[in-house]
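>
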Amino acid sequence: DVLSRIDEVEGDVEAYLTITRAEALAQAEAVDKKIAAGEKISFLEGIPGAIKDNICTKGVKTTCASKILEHFVPPYDATVMTKIKAENPVILGKVNMDEFAMGGSTENSAYHVTHNPWNLDCVPGGSSGGSAAAVAAGTAIWALGSDTGGSIRQPASFCGVVGMKPTYGRVSRYGLVAYASSLDQIGPLTRDVTDCANILNIIAGHDEMDSTSSAAEVPDYTKALVEDVKGLKIGLPKEYFVEGMDPEVEQAVRTAIKKYEELGAEVVEISLPHTEYAISTYYLIAPAEAATNLERYDGVSYGERVDGEDLVQMMTNTRDEKFGEEVKRRIMIGNYALSAGYYDAYYLKALKVRTLVQQDYTEAFKKVDVIMAPTAPTPAFKIGEMIADPLQMYLQDVCTVPLNLAGLPGISIPCGKSSKGLPIGLQIIGKPLAEETLIRTAYTYE
Ligand code: GLN
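Note that the sequence shown covers residues -4 to 441 in my numbering.
#1: My guess is that Pro372 and Ser413 are in contact by the Cβ rule of under 8 Å, so how many angstroms apart are they, rounded?
#2: Starting from the N-terminal side, write out each stretch of the beta strand (DSSP E) that is 3 residues or longer and does not extend beyond the segment 252 to 296.
#3: Please determine, among Val85, Asn49, Asp392, the residue with the shortest C-alpha to C-alpha distance to Glu94.
#4: Report, in whole angstroms, the separation of the C-beta atoms of Pro150 and Ser123, which I expect to be a contact under 8 Å.
#5: Taking one C-beta from the segment 124 to 138 and one from the segment 380 to 394 each time, how about it: are there three or more such pairs within less than 8 Å?
#6: Helix, strand or coil for Cys51? Go by DSSP, reduced to three states.
#7: Let me know the secondary structure DSSP gives Asp241 once reduced to three states.
#8: Entirely within the segment 12 to 83 and at least 3 residues each: give me those beta strand (DSSP E) ranges in chain order.
#9: For Phe38 and Ile79, I'd like the C-alpha separation in whole angstroms.
#10: Candidates Gly336, Asp315, Ala335: which alpha carbon is nearest Ser61's?
#11: Under 7 Å: does the beta carbon of Met97 sit that close to some heavy atom of the ligand GLN?
#12: If you pair each beta-carbon of the segment 223 to 237 with each one of the segment 184 to 194, do three or more pairs fall below 8 Å?
#13: Pop quiz: Arg165 and Leu428 are said to be a contact at Cβ under 8 Å. What is the actual Cβ separation, rounded to whole angstroms?
#14: With 16 other CB atoms within 10 Å as the buried threshold, where does Glu238 fall?
#15: In angstroms, rounded to a whole number, what distance separates the CA positions of Thr250 and Thr439?
#16: Bridge partners for Lys160 per DSSP, in chain order?
#17: For the putative contact between Ala286 and Ile326, defined by C-beta atoms under 8 Å, what is the C-beta separation to the nearest angstrom?
#18: Pull up the CB-CB distance for Leu231 and Ile252, whole angstroms please, since I reckon it's below 8 Å.
#19: Less than 7 Å separating the Cβ of Ala273 from some heavy atom of the ligand GLN?
#20: Looking at C-alpha atoms only, which residue of Ala247, Gly303, Met309, Tyr272 is the closest neighbour of Thr370?
#21: Using the Cα positions of Ile30 and Ile36, report the straight-line distance between them to the nearest angstrom.
#22: Gln149 lies in the alpha helix (DSSP H); which residues open and close that run?
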């Protein structure tokens, strides 16, 4: 069972921040009893999963992998948790991430690094690195993550699992600790596309507690679990096959796309000309929103406090000691971009470019049904290799952040391995609310 799997490999992988073993055992026993009594159980009932530590779980610590929330125990459940719990799964605990979801390797966790189950010297990706590593290691059957600029898809790609970022607004963000509110979206990380569709069925839908959640009806995503890509028009954006991309990644992705052609899909070259500005745009908008969202950690209303001789000193000490390096860097970038003298030049400009990135997709989707690209330019890199160079780390996000800027859904599915045996991910991008198309397309490949 999964708990003994945790005993076996968690010491090496270190995906978890909190393991709720007693509760998990009680949940499992309750389901066993139901089965013994011959009662019908639902799809997720008794199936063990893990929750990213930025999703509020009533009565269970939610730290965002930050020291500033080290002892924060939410008095309420995020909407996704309420929905998931109604299905009676076994919740194993909370999994590691980059602090406040800022990063792409889980090395920014204030607690410990998580190791890639395929090669323990490598990162699992991030920021939902714990979610992806747990599913890959078999220490969870499914997991929830969040994706602001790639944080579900990139770790899914690095760990060889399926990860979907739904359309912005498809899943309620109520109870997700905010990083960049106009980009954040919760989604599933699973072993296969079938599980992805089933979890999405549970968590999707309108929520009056999140005014940005979509009112669109939720289809039954499992109905999209059919093998059919005949006549599907696939767009290949030349801008996503960037310089510096690992040739093995490009090779694996192109081979996958060939397979789609053999299955009857049609491949069209497309151009998304503003892609080259997406990273700079994202790294202005996300920090700007983060700086605002993280203002609340003032040593008074939430989280830890470090004393000082007066109020200002107390707040300064708290934020200085309890936030990590990357979080502070982003708060500074964000406040700079938002400050009166620079607002027009940076933040406002970024919003305009964001619109151009969106329009690129709108144009492309007049010609194609889905867009395919690598999820990340390289397979998992070594722990410690990238962390000293934040810019280098930001460039890793080139294929994932444009979607978030446009609010589009995307899924990463495994499409091969590098010569070193590390997984490679194929990213499939869809029109707004086209999760069914993504599921059908991904399922056909699988
Ligand atoms: N790597 C990106 C960042 O550091 C994306 C993170 C995310 O999606 N949460 O912001």
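Beta carbons: idealized from backbone N, C-alpha and C, even for Gly.
Answer, in terms of the structure:
#1: The count along the sequence shown starts at 1 and reaches residue 372 at position 377. The count along the sequence shown starts at 1 and reaches residue 413 at position 418. Going by Cβ atoms, the distance from Pro372 to Ser413 rounds to 12 Å, so no, they are not a contact pair.
#2: Every unbroken stretch of the beta strand (DSSP E) spanning 3 or more residues and falling wholly within the segment 252 to 296 is given here in chain order: 261 to 265.
#3: Walking along the sequence shown from the start, residue 94 turns up at place 99. Considering only Val85, Asn49, Asp392, the residue with the shortest C-alpha distance to Glu94 is Asn49.
#4: Here residue 150 is taken as the residue at index 155 of the sequence shown, counted from 1. Here residue 123 is taken as the residue at index 128 of the sequence shown, counted from 1. Right, their Cβ atoms sit about 5 Å apart.
#5: Between the segment 124 to 138 and the segment 380 to 394 there are fewer than three inter-stretch CB-CB distances shorter than 8 Å, so the stretches are not counted as touching.
#6: Within the sequence shown, residue 51 is the residue found at index 56, counting from 1. Coil at Cys51, not helix or strand.
#7: Counting from one through the sequence shown, the residue named residue 241 turns up at place 246. Of the three classes helix, strand and coil, the one that applies to Asp241 here is coil, per DSSP.
#8: If you keep only unbroken beta strand (DSSP E) runs of at least 3 residues inside the segment 12 to 83, you get 43 to 47.
#9: Residue 38 sits at position 43 when you count from the first residue of the sequence shown. Residue 79 sits at position 84 when you count from the first residue of the sequence shown. Taking the straight line joining both Cα atoms gives about 11 Å.
#10: Here residue 61 refers to the residue found at position 66 of the sequence shown. Nearest option by C-alpha distance: Asp315.
#11: Along the sequence shown, one-based indexing puts residue 97 at 102. Taking non-hydrogen atoms of the ligand GLN into account, the C-beta of Met97 is found less than 7 Å away from one of them.
#12: Cβ pair count under 8 Å is below three, so no.
#13: Along the sequence shown, one-based indexing puts residue 165 at 170. Along the sequence shown, one-based indexing puts residue 428 at 433. That pair is a contact at about 7 Å.
#14: On the sequence shown, position 243 is the one that residue 238 refers to. Label assigned to Glu238: exposed.
#15: Walking along the sequence shown from the start, residue 250 turns up at place 255. Walking along the sequence shown from the start, residue 439 turns up at place 444. Answer to the nearest angstrom: the Cα atoms are 15 Å apart.
#16: Residue numbering aside, residue 160 sits at position 165 when the sequence shown is read from its first letter. Note: Lys160 is bridge-paired with Gly405 in the DSSP secondary-structure output.
#17: The sequence position of residue 286 within the sequence shown is 291, counting from 1. The sequence position of residue 326 within the sequence shown is 331, counting from 1. The Cβ separation is near 5 Å, so the contact holds.
#18: By 1-based counting over the sequence shown, the position of residue 231 is 236. By 1-based counting over the sequence shown, the position of residue 252 is 257. The Cβ separation is near 7 Å, so the contact holds.
#19: Residue mapping note: residue 273 aligns to position 278 of the sequence shown, counting from 1. No, the Cβ of Ala273 stays beyond 7 Å of every heavy atom of the ligand GLN.
#20: Along the sequence shown, read from residue 1 onward, the residue named residue 370 stands at position 375. When each option's Cα is compared against that of Thr370, the closest is Ala247.
#21: For the purposes of this step, residue 30 is taken as the residue at position 35 of the sequence shown. For the purposes of this step, residue 36 is taken as the residue at position 41 of the sequence shown. Using only the alpha carbons, I get a separation of about 7 Å.
#22: For the purposes of this step, residue 149 is taken as residue 154 along the sequence shown, with counting starting at 1. Unbroken alpha helix (DSSP H) run through Gln149: 148 to 154.
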